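Single-structure report; data block below.
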Amino acid sequence: MLDLSALSAREVRDGIAAGEFSAREAAESAYARIEALDGDVHAFLQLTPELAFAAAERVDAARAAGEDPPPLAGVPVGIKDNMNLIGTRTTCGSRILGNYKSVYDCTAVRRLLDAGALPIGKCNMDEFAFGSSTENSAYGPTRNPWDLERVPGGSSGGSAASVAAGMVTLSLGSDTGGSIRQPGALTGTVGLKPTYGRVSRYGVVAFGSSLDQIGPFGTSVADVALALDAIAGADTMDATSSPEPVERYSAAVGLGVQGLRVGIVRDMPGVPDTDGCLNEIAHVVDRAAETFAALGAEVGDVTLPSARHGLAAYYIIGPAEASSNLARFDGIRYGVRAEDPTDVLDLYMRSRAEGFGPETIRRIMLGTYALSAGYYDAYYGQAQKARTRIIEDFRAAFEHYDVLLTPTTPEVAFRFGEKAADPYMMYLNDVYTIPVNLAGNCAVSVPAGLCSSTGMPMGLQLIGDYFAESTLLRAAAAYEQAVHFDPVPPLVRSLVGAKGGE
Amino acid sequence: MPKDRLAEVLERYEAVIGLEIHTEVTATNTKMFCGCPVAFGGEPNTRVCPVCLGMPGALPVPNEAAIEWTLLAGLATNCDIALWSQFHRKQYFYPDMPKDYQISQYDLPFASGGALEVEVDGEGVAQRIDFGGAVAAVGPEAHPEDGGYRATIGITRIHLEEDTGKMIHVGGSEGRIAGATHSLVDFNRAGTPLMELVSEPDIRTPEEARRFAQKLRSIWLALGVSDCSMEEGSMRVDGNVSIRPRGETELGTKSEVKNMNSFKALHDALAYEIVRQAELLDTGGRVVQETRHWDAGARRTSALRSKEEAHDYRYFPEPDMVPFRFEPAWIASLAEKLPELPDARRERYTTDFDLPKHDASMLSADFALACYFEDAVALAGVDRAKQIANWMLGELAALLNAEAIEIGDTRVTPAMLAEMVGLIEEGAISGKQAKEVFADMAATGDAPGAIVAARGMKQVSDTDAIESVVHGVLEANPNEVASYRAGKTGVMGFFVGAVMREMRGQGNPQVINEVLRRMLGG
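So the sequence lines, in the order shown, correspond to chains R and F.
For reference, each letter of the first sequence is one residue, going 1 to 502 in the working numbering.
For reference, each letter of the second sequence is one residue, going 1001 to 1522 in the working numbering.
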C-alpha cells in the first residue's frame, strides 16, 4: 500500500491535483499507519472512516469532474475530541460525555473539512483539556512516539502524537494555557496557538472561555500556516471572534526575517531542573538568537516583569471559568446520568461525582472557591489585575519587537506517573506558555532539536503580536529551515518497519 | 379579607414595597443569544438549538435588537443609560436552566436611576393616609382635583438576561413539585430576552403597586418592546413587602410574593401580605424572610420555601462576550426614536380632543386602545372624538369584557366605528338603532352601512311621511287625544311609541316628538 505519511499537506494536495494518487488512497494510508502504530501510541479515541472516505470520495469526484482541488484536498487530519463534528462522539476525554454524540459542527472543524481535509478520527486528550500529559484522559493515556514510556504532553496529546507518528498530516488542538505548544514541543511537532479571536471557538467544548483558542499541529510551519488559512476568520456564532481581516498565512512562509526585530525574553520565571535538560533548553533560545541574527534579524533582550505571576493568575482564571463552563454537565439533558437518583440534587451530585475524573473535580473546586462570596476580590479580582499587567508587558514588548523568544517548556517529555502525584510540578510545565494565553497573543512552538541527555525533542516558543500570525510564521519558518529538524521519531521508523510497513 | 381591614392596618403600619418586574422582549422575534424564534407555547422543545440548549461547545451571541429595546425602555422610564456595560454569569443549578448559569447583568446594568410617576384616585386613595405633609420631590403629591394624588416611584435598574425553560411536574397535585413522580422540561422559552426592572422600595400601598405595574405595562406597550401578557407570563411581577410601625425608620423583615398573574392579583396579594404581617406583629410574632406564593383561588399567600436558601451566585463577567460601549451621541439618537408615551398622549387627548380626564386616561393607558381610538378619530373627525370615546369605553369595552378578547381581536374595526358614529351624527340612525348595529357589527363584521341597508333601518326624518303616520295614530286613538288635550301630557310617550311601532322603529324620535306636539296642540 501507498505510504503517504512523509508528505506535507501541500504535497498531498498537489499529488491529488496531479493525479499521482487519490484522496481515497490518502485516507487508506492514514488508516494503515494507525493500524500499525496506534495500538502502542493510542492517539485516537475514535476513528471515523465513514466520514473520511465520504470526504475522500467528494474530493476525488470533484477532481474527476475537472475541478481544481481545494488547499487541503485529501489531507488526513485528526481532531481533538473536544471539538464537535456530526457523526462523531465528542467525549472530551471524559466519562461524563462517553455517550455524547455531536449535534452540530465546530466552525473550525467545518472550515478545515470544507478545505478538503479528511477527518480520520477524534484524538485523545486530558479530560476537558485539564492537564499537560494526557494522563488525565478517562480512556487511558497517549504515548509519545519518541519514547512510549514518556508522555506526549497535553492536553492535546493525542493530536500531537497523531502528527508526530505520521498517522495524519495535520491535526487540530486547543490551547488554553499551552495545550498545543507544550505537546508540540514534547513530540517534535509544530504547534500554533493563534491570537485569541483569530479562530472561532464555536463548537470546541469550553474550558477557559477567555483563554481557549483552537490551533493546528503539523510537521512543518508551512503546514500549520495552510491549516490556519483554512480555519481563521470571523464567525457569527462566536461573539469573541475577531473581524480583523484574514491574511494568507501560507504566503508568509519563506519570506525570511531580514530586518525583523526579535526579542529574547530574559526574565521568564525560574523553575527547578527536574530532568537535567534545563540548561540545554535555555541554550535553545541563545542559539535561536544567533540564528536570527545570522539571518539578518535585529536581536535584543526584553523583559516581561509580570509574567512570573502568570501561573498563579491562570490557576484562578482558568478554573473559575471552567467551573462555570462545566456546570452544564449535570446529567439532565445529555451525557451520563447516575442511576436511580433520589431527587434532583442527588442526580446532579452523583452524575458529576461519577462522571468527572480527579483533576476535573480539582479544577471545578478551585474555580468555585475563587468565585465564592468573600473570596472573589482576593482571588479572581487579583488574578484579573495580574492579567492586565501581563497584557501591558506584552504590549510594551511589541512596541520594540516583532517576535519574542522563550523555550516552549522548561523540560522535555517526562515519564508516565512522574508528575501525576504533584499537580504543581505538572502545572509548571506550562509556565512559559501560560502568559501568552492570558495576554491573548499568538505563539507557536517549533522543534529546536533533541536534548542530548534524553534524546527527546525540545521546543522554541515564538510569540507574536495580536493578529500578527504572518510575521510569527515567517520567523518560525526561517528558524525551522535553519534547524533542520527531522520530524520522524526513530521509534516510529522501527515500529513501522517491524510491523511490515513499507 | 374585608377592604377596611387593610385601611385599618395601614393607619398603624407603613408598608414598604418594591417590585421586580420581568418582561420578555417579545419585540425581537429571536432569542437573546441565538436565532431561535420567540413565541408563546408550541410543541415542547421545538424552538431550540445547541445554543439555547446549552450543548457542549455552543456559544452565546448577544441579540443587539434586544439590547436596543432595553435601552429604549430605560430612556422611556427616565433612567440613565450606562456608557459601559456587560453581561455576567449568575450561577446556580436548576434543570430549567440549560447551562446551569444564567447570563444576566450584575453591577453594570444597561439602565439605572429612573423614576415613574403614578396617579392614584378613587378607592385607592383610602389606602394612603400619610400624604398630608409629604414633599413633592419624592413621595406623594397632593392632587386635589379628583381627590387623588401622585407618587414618584424610583427605578433602581433595568437589566437584560435570558429566560429559563419551563418545568412541568408530573404526578403531584396541580402540577406542583410536591408529590410529583417526575418532571419534564420544555426549553422553548429558554433564552428568551428578559428585561428585569427593579423598583426602589418607594411604594407604600397595594394600589400604588398596581398603578406602577400598569403604568409600566402601558409604556412597554407604547414602545412595542413586549406584548406584556401577564397570563402567558411575558410580564411577571414579584413584590417585596415589609411593614413597620408608623414613625419607625428601620425596615421590617420582608417577604417576597410571587405568582401574581394579573394586576388585581398583585394588589390583592400585597394587601393580604401586609395584613398577614401586621397580624403576626400584633400577636407578638415575627415576620420570617421567605418567598411566598399567591394562590389566586384561595386568595392567600403561602410559604414557598420554609427556609430561605443562602445563595451564592458566584457572579463573574461573561467571558464569551466583549463588554458593550455606547457613544452618548448614539444614545441621543436612540432617544429620538422614542414614541409618544402614555402621559404625553393623555395630555394631548384632553387638549386636542377635548376629552374628559377620565376618558383620556383610560384610552391613553392602553396602547392598543389608543391606536384604535386615534384611527377611528382620524376617520370620523376630531369633533366626533368624544362620541368615539363614549362608544369605546361603553359598548366596545363591554364587548371585549364579555368575550374576554383583546381589542385587536374584535370584528369592529376603527373604520366601522367611525362610520357608525357618522350615521348617528348625520341623523341617519338613532342612538338606539346604533346599539343594534353595533351588536350586529360585532357578530358579523359587516360594515354599519350594509347592516342599516340590509335591515331596512334607515331613520325616517321626512316630516310629511311622519305627519301622515301621526295623523293615522291620532285618528285611531281619540280617547288618548282627548286626555292629552285635557292636560294629561303624560300620554305623549304612548303616542311616540305607537308612531315608532308603525314606522318599525325607523322614525326620527326628535321629528316625531315635534310633529306630535304640533298636531296635538292644534
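For glycine and all other residues, C-beta sits at the position ideal for the given N, C-alpha and C.
Here the structure is a predicted model, which means the values were calculated and not measured.
Subject >> Where the alpha helix (DSSP H) containing R/Ser94 begins and where it ends >> reply: Taken as a continuous stretch (DSSP letters only), R/Ser94 belongs to no alpha helix (DSSP H), as it is neither H nor E.
Original post:
Are the C-beta of R/Tyr104 and some C-beta of chain F separated by less than 9 Å?
Top reply: yes
Original post:
With a CB to CB cut of under 8 Å and the five nearest residues on each side skipped, what residues in its chain are close to F/Ala1442?
Top reply: Leu1399, Thr1410, Arg1411, Val1412
Original post:
Would you say F/Val1170 faces chain R, with C-beta separation under 9 Å as the test?
Top reply: no
**OP:** Keeping to the same chain, check which residues put their C-beta closer than 8 Å to that of R/Pro487; ignore five residues upstream and five downstream.
**Re:** Ala164, Gly188, Thr189, Thr219, Ser220, Pro447
Original post:
Tell me the DSSP bridge mates of F/Asp1080?
Top reply: F/Ser1112
Subject >> Cβ neighbour criterion (16 or more within 10 Å) applied to R/Thr368 >> reply: buried
Original post:
Among R/Asp229, R/Arg143, R/His42, which residue has its Cα nearest to the Cα of R/Gly116?
Top reply: R/Asp229
**OP:** Consider the Cβ of F/Gly1113: report whether some Cβ of chain R lies at a distance smaller than 9 Å.
**Re:** no
Original post:
For the putative contact between F/Leu1270 and F/Gly1239, defined by C-beta atoms under 8 Å, what is the C-beta separation to the nearest angstrom?
Top reply: 5 Å
**OP:** Can you give me the start and stop residues for the alpha helix (DSSP H) that R/Arg63 sits inside?
**Re:** 49-64
Subject >> Under the three-state DSSP convention, the category R/Val204 falls into >> reply: strand
Original post:
Which residues in chain F sit within 9 Å of R/Arg362, going by Cβ to Cβ distance?
Top reply: Near R/Arg362 there are no residues of chain F at all, since even the closest Cβ is about 17 Å away, more than 9 Å.
**OP:** Going by DSSP, name the residue or residues bridged to R/Leu462.
**Re:** R/Leu405, R/Val444
Original post:
How big is the Cα-Cα spacing for R/Ser250 and R/Trp146?
Top reply: 28 Å
Subject >> Distance, F/Arg1128 Cα to F/Gly1139 Cα >> reply: Per-residue confidence for F/Gly1139 stands at a pLDDT of 38, beneath the threshold of 50, marking its modelled position as unreliable; no derived number is given.
**OP:** Indicate the three-state DSSP secondary structure (helix, strand or coil) for F/Lys1152 in the structure shown.
**Re:** Reading the sequence as shown, one finds Thr at residue 1152 of chain F and not Lys. In this structure, F/Thr1152 counts as strand in the three-state DSSP scheme.
Original post:
Short check: CB of R/Gly208 to CB of R/Thr176, under 9 Å?
Top reply: yes
Subject >> Helix, strand or coil at R/Ser453 [DSSP, three-state] >> reply: coil
Original post:
Is the distance from the Cβ of F/Ala1428 to the Cβ of F/Lys1386 below 9 Å?
Top reply: no
Original post:
Run through DSSP, which three-state label would F/Val1608 get?
Top reply: The structure shown has nothing for residue 1608 of chain F, since chain F only spans 1001 to 1522.
Original post:
What number of angstroms, rounded off, separates the C-alpha of F/Met1260 from the C-alpha of R/Arg337?
Top reply: 36 Å
Original post:
With 16 as the cutoff for other CB atoms within 10 Å, does F/Gly1018 come out buried or exposed?
Top reply: buried
Original post:
When DSSP builds the beta bridges, which residues end up paired with R/Cys123?
Top reply: R/Phe44, R/Lys80
Original post:
Contact between the stretch 1035-1049 of chain F and the stretch 1195-1213 of chain F: three or more CB pairs below 8 Å?
Top reply: no
Subject >> For F/Cys1034 and F/Val1288, the rounded distance between their alpha carbons >> reply: 41 Å
Original post:
Using the beta-carbon count (16 or more within 10 Å), is R/Asp223 buried or exposed?
Top reply: buried
Original post:
F/Gly1422 and F/Ala1370: beta carbons closer than 9 Å?
Top reply: no
Original post:
Are the C-beta of F/Phe1316 and some C-beta of chain A separated by less than 9 Å?
Top reply: Of the protein chains in the structure, R and F, none is chain A.
Original post:
Which whole-angstrom value is the C-beta distance of R/Tyr196 and R/Leu311, which I expect to be below 8 Å?
Top reply: Contact doesn't hold; Cβ gap of about 18 Å is too wide.
**OP:** Answer with buried or exposed for F/Val1473, where buried requires no fewer than 16 other C-beta atoms within 10 angstroms of its C-beta.
**Re:** buried
Original post:
In chain F, which residues lie less than 9 Å from R/Arg198 when you measure between Cβ atoms?
Top reply: Within 9 Å Cβ-Cβ: nothing; R/Arg198 doesn't reach chain F, min ~15 Å.
**OP:** Can you tell me which of the three DSSP states F/Lys1488 falls into?
**Re:** coil
Original post:
Is the beta carbon of R/Val12 less than 9 Å from the beta carbon of R/Ala108?
Top reply: no
Original post:
Which whole-angstrom value is the C-beta distance of F/Thr1070 and F/Phe1110, which I expect to be below 8 Å?
Top reply: 5 Å
Original post:
Taking buried to mean at least 16 other C-beta atoms within 10 Å of its own C-beta, is F/Gln1433 buried or exposed?
Top reply: buried
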